[in-house]
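In the numbering used here, each residue carries its 1-based index in the sequence shown increased by 19.
Heads up: the structure comes next, in structure tokens.
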Amino acid sequence: MSMNYLTKVRKIQQMNDIELESNLVGSKSSWHQTYKESNWIYIGALPYELSEGDIMCIFSQ
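Written out as structure tokens, the structure reads:
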């Protein structure tokens with residue numbers, strides 16, 4: 020069973036808050052640094068009416 024969208028957003032916000040409180044932002048210990056070379060992105064809340072071509076057009080700009 021996977022987490023719902025809102026739970027994932029809250030978990031990411033918690034990680035960001037911990038980094039800020041610990042002064043890890045921009046350091047090698049930051050989760051942002053771990054994934055900065057990743058080819059994957061998460062996008063959500065897109066209208067179902069969009070086609071694959073619409074999404075490709077948006078992200079190619």
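Idealized CB from N, CA, C, for every residue including glycine.
Exercise for review: Specify, as a first and last residue, the run of the alpha helix (DSSP H) that L25 falls within.
Suggested key: 24-40
Check your understanding: If you run the structure through DSSP and keep just helix, strand and coil, what is E56?
Key -> coil
Check your understanding: Is the beta carbon of E40 sitting closer than 8 Å to the one on S49?
Key -> no
**Study point:** Simplified DSSP assignment, three categories, for E71
**Key:** helix
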